[in-house]
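Just so we're aligned: 1220 in the working numbering is position 71 of the sequence shown, and the numbers increase by one with no gaps anywhere.
Positions of the beta carbon are idealized from the N, C-alpha and C atoms, including for glycine.
Below: the structure, in structure tokens.
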Amino acid sequence: MLLVDAVRSTDFAGNGAVTATLVPGKAYCDAAGRFADHWLIEIMAQAIGAIFGLQNGAGDGKRLKLGYLVAIDEYRLLPGKPPTLGSILEIDVQLIHAFYPIGQYEAVAREGGEDVARCVMKFVTDEERSLPSDAS
């Protein structure tokens, strides 16, 4: 299920921003119709996947390359109100480390300018094109 709407920006070096609109009635609602917070992991994984795919395709006519989630190193739901249905989440993605063929990324989900969740994930590509050099 596609949960992200659009890539707002990318520098093709592993950093970018993605949006996701929380539409009422989607599978990420619980029985009471509220947003189930564990779906933030999937939304952030898709955001990282979009930036990862664009970054790895940058040298190939910007053709999207596939990547696979291999690890969730950290996930935190931050204190405050949970995301609300109908709102737009903005997910900022940053490349932390690149060690071919794996890239480690941080994603921060925001609603209305306030951080709601943070995660660090690793993605791997089986493509021949290498990742940018280590961002640290």
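Residue i - DSSP class collapsed to helix/strand/coil
i: LEU1244; result: strand
i: LEU1227; result: coil
i: GLY1262; result: coil
i: LEU1203; result: helix
i: GLY1235; result: coil
i: LEU1218; result: strand
Cβ-Cβ separation, residue j to residue i (assumed contact under 8 Å), whole Å
i: ILE1245; j: VAL1167; result: Contact doesn't hold; Cβ gap of about 17 Å is too wide.
i: TYR1254; j: VAL1242; result: 6 Å
i: GLY1229; j: VAL1265; result: 7 Å
i: PHE1184; j: PRO1231; result: 6 Å
Member of the options whose CA lies at the smallest distance from the CA of residue i
i: HIS1187; options: ASP1154, GLU1263, TYR1249, ILE1221; result: ILE1221
i: ILE1197; options: ILE1237, LEU1226, LYS1230, ALA1155; result: ALA1155
i: ASP1160; options: LEU1203, LEU1189, ARG1267; result: LEU1203
i: LYS1271; options: PHE1248, GLU1260, GLY1262, ILE1192; result: PHE1248
i: SER1158; options: LEU1152, LEU1227, ALA1199, GLU1191; result: ALA1199
Whole-angstrom distance between residue j and residue i, CA atom to CA atom
i: TYR1233; j: VAL1257; result: First, the amino acid is wrong: residue 1233 is Thr here, not Tyr. The alpha-carbon atoms of THR1233 and VAL1257 are separated by roughly 16 Å.
i: TYR1217; j: GLY1182; result: 30 Å
i: TYR1177; j: VAL1273; result: 26 Å
i: LEU1180; j: GLY1174; result: According to the sequence shown, residue 1180 is Ala rather than Leu. Computed Cα separation, rounded: 10 Å.
i: ALA1162; j: LEU1238; result: 22 Å
i: LEU1280; j: GLY1165; result: Here LEU1280 scores only 49 on pLDDT, less than 50, and its place in the model is too uncertain to base an answer on.
i: ALA1194; j: PHE1201; result: 10 Å
i: VAL1269; j: LEU1226; result: 12 Å
i: GLU1263; j: VAL1219; result: 28 Å
i: THR1170; j: LEU1151; result: 11 Å
i: LEU1189; j: GLY1252; result: 20 Å
i: GLY1261; j: LEU1215; result: 31 Å
i: VAL1153; j: SER1236; result: 13 Å
Please give me, in chain order, every unbroken run of the beta strand (DSSP E) with length at least 3 that falls completely inside the region 1155–1187.
1155–1159, 1165–1170
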